[in-house]
Amino acid sequence: MKPATKLFLTALWPLLLLATVCGTIAGLIGSWASTFLVTTIIILLGFAYHAWKLSQIHVWLDSDLRAADLPDAFGTWGDVLSNLYRIIRQNRVDQQTLSSSLTRFQEAATALPDGAVMLDNENNIVWCNPAAEQHWHISLVRDRMQTITYIIRMPEFIAFLAARNLAESLTLKYTHLIDAGGSREISLSVQLVAFGDEQTLLLSRDISERERLERMRSDFVANVSHELRTPLTVMAGFLETMHQTDIAGGTKPELLKRSLNHMSQQTERMQRLVDDLLALSRLEDAHNKLAESIIDMQGLVQASVNDAKVMSAGRHQVTVNAEPSWLLGNRDEISSLVSNLVSNAIRYTADGGHVDVSLRVQQAELHFTVRDNGEGIAPEHLPRLTERFYRVDRGRSRVAGGTGLGLAIVKHVLMRHGGRLDIESTQGTQHHGSTFRVIFPVGRTMVSQPKPQAVAA
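Be aware that the sequence shown starts at -11, since it is given in our numbering, and climbs by one per residue.
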């Protein structure tokens, strides 16, 4: 039996029992007409009682719902009112808890140094904290339920919001007006976070100071590198002259020979470091526009492999499988990328090892892959390999002669060309080694030879 039916019968049977008893007594005393009349009156009085209790409950529900004002009742009505009051009291507790949680959330979000804007499913502003008001020049009082793109009109932001790419962040630069009447350049890092029912949290962080310090560091490195290049060139020239000049007697002492060789090696290493620092500074310079041409990738890769074979001096087995393909990009930067990956494989693979280089077009993307059977790289190092001066094994890197900037250069070249770098490595197994795969996007890849005058030599 359903609970509602059971409750109804529980309330009904006393009324029917009373009406039956009273009607029977009336029938014994008088006529059956009087029996019907008495029974009807008792039933109507019962319904009147229930109507009265319902009106009391209605008045109580419209009041402050205080326990002291709860209507008196017995039987079924007593149970109903008791349960109703318990539900209302629990609801009050839940509302107070929710209100307290929302208050704490707003207080925490208000205290955040980062901007936070809550958007509904139509990108209307629901709520924002003071940092967001400063970042975007909005006011919660004035702009609540305004569409965010009516206020932030930058095309790159509108496209970013429409794409709803939660995995990526966007850097925006704009002129920020100051209350005193001045202005300053602001850089914001913007990210979207999905929550709730198709709602979005727009987070913004002021990275202006970080970018200023990064520019200072980059300028310092570039200036120091330029200043070092001239004296290193002079030193290299004198060392070469000393190598070619015989002292009295026609021979050089063995110690002098070793010293000259060591100085020459270190000078060359310093020159490579300076060259890489300058190359990295140029790649990081936002004002350095990408000068593009169509590059014969098969010829470029083959030339880099030939240089690697000279560097290896027969100590490694180097193979190449390069399909005819062309790439739209900057030849010097792409050449540096290819050279760094191939030379790294030679440098960090033991004598007798294998280095395989391949170039092919796959699904309209250009894949350039360098695979070696060196000792491999531990998984915890892979995410940091493209950091400048990061070394897996500092001792081995010094012996190998690397500058620690090669993969950082590769990363920045790919950033400028819209490509990506995938790294796989295995240690301690029979098939140990590393694979570096560069993938260039469809828009830059060509599989048929363009007009001869357009090809970069």
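The beta-carbon is built from N, C-alpha and C at its ideal position, and this holds for glycine as well.
Everything numeric in this text was worked out from a predicted model, so none of it was measured.
Mind reading off the beta-carbon distance from residue i to residue j? Whole number of angstroms is fine, and I expect it under 8 Å.
i, j, result
"L160", "L176", "5 Å"
"P438", "W314", "6 Å"
"V330", "A296", "5 Å"
"I76", "N111", "Rounded, the Cβ-Cβ distance is 38 Å, inconsistent with contact."
"L395", "M285", "Not quite, the Cβ-Cβ distance comes to about 20 Å (not below 8 Å), so this is no contact."
"A338", "G364", "With a Cβ gap of about 12 Å, A338 and G364 do not count as contacting."
"L158", "E144", "7 Å"
"F148", "V178", "7 Å"
"I139", "I126", "6 Å"
"T494", "K399", "Past the boundaries of the shown model lies residue 494; the chain is included only from -11 to 445, so the question cannot be answered."
Just reading off the beta strand (DSSP E) that residue i is part of, what are its end residues?
i, result
"V343", "H342 to Q350"
"N109", "That residue, N109, is in no beta strand (DSSP E); it is neither H nor E in DSSP."
"S175", "S171 to F183"
"R359", "E353 to D360"
"N294", "Here N294 belongs to no beta strand (DSSP E); instead the alpha helix (DSSP H) covers M285 to S300."
"Q305", "Q305 to A310"
"E280", "Here E280 belongs to no beta strand (DSSP E), and DSSP marks it neither H nor E."
"I427", "G421 to F428"
"L100", "Note, L100: premise wrong, no beta strand (DSSP E); not H, not E."
"T391", "Segment: none, T391 is in no beta strand (DSSP E) and carries neither H nor E."
"E186", "Premise fails: E186 is in no beta strand (DSSP E) and is neither H nor E."
"T414", "R408 to T414"
Considering only their Cβ atoms, is the gap separating residue j from residue i smaller than 9 Å?
i, j, result
"T221", "Q259", "yes"
"F356", "V426", "yes"
"V129", "W115", "no"
"E228", "S252", "yes"
"I113", "Q84", "no"
"A120", "L72", "no"
"S346", "R359", "yes"
"G340", "R303", "yes"
"R217", "A182", "no"
"A333", "S247", "no"
"L201", "H405", "no"
Which residues in the same chain as residue i place their Cβ atom closer than 7 Å to its Cβ, once the five residues preceding and following it in sequence are excluded?
i, result
"P118", "T98"
"E280", "L316, G317 and N318"
"S324", "A267, I397 and V401"
"T446", "The structure shown does not extend to residue 446, since the chain spans only -11 to 445, so no value can be given for it."
"L370", "I411 and S413"
"F(-4)", "In this prediction, F(-4) scores a pLDDT of 49, lower than 50, which makes its location untrustworthy; the coordinate-derived value is nonetheless stated afterwards. Within the same chain, F(-4) has no close Cβ partners at all."
Express the C-alpha separation of residue j and residue i in angstroms, rounding to a whole number.
i, j, result
"I283", "I322", "9 Å"
"H419", "V298", "26 Å"
"T433", "V289", "15 Å"
"D102", "A96", "11 Å"
"H123", "D194", "8 Å"
"D108", "F93", "18 Å"
"N276", "E256", "27 Å"
"D273", "R203", "9 Å"
"A291", "G407", "22 Å"
"L261", "R376", "12 Å"
"Q351", "V435", "11 Å"
"S70", "A150", "53 Å"
"A(-8)", "G184", "Bear in mind that a pLDDT of 44 at A(-8), under 50, signals an unreliable position, so the model cannot answer this."
"E311", "T188", "46 Å"
"D131", "S171", "23 Å"
"N79", "L90", "16 Å"
"D320", "E368", "32 Å"
"E199", "P241", "54 Å"
"V81", "Y378", "56 Å"
"A224", "L244", "16 Å"
"M403", "N328", "16 Å"
"E186", "E173", "33 Å"
Return the first residue and the last residue of the alpha helix (DSSP H) that residue i is part of.
i, result
"V129", "L128 to D131"
"I322", "R319 to R335"
"I195", "Taken as a continuous stretch (DSSP letters only), I195 belongs to no alpha helix (DSSP H), as it is neither H nor E."
"E144", "P143 to A151"
"L395", "G394 to H405"
"E121", "P118 to W124"
"T137", "I136 to I139"
Just to confirm, does residue i get its C-beta within under 8 Å of one of the non-hydrogen atoms of the ligand SAM?
i, result
"D108", "Of the ligands one can find in the structure shown there are none, so the ligand SAM has no counterpart to examine."
Leaving out the 5 sequence neighbours to the left and right, which residues in its chain are closer than 6 Å to residue i when beta-carbon positions are compared?
i, result
"D410", "R425"
"S206", "S269 and E272"
"H342", "Q305 and N361"
Might you give, ordered along the chain, the residues of its own chain that have their beta carbon closer than 8 Å to the beta carbon of residue i, omitting 5 neighbours on each side?
i, result
"M142", "L160 and Y162"
"V326", "L288, V289, S292 and F356"
"H231", "L248 and S252"
"N309", "D344, V345, S346, L347 and R348"
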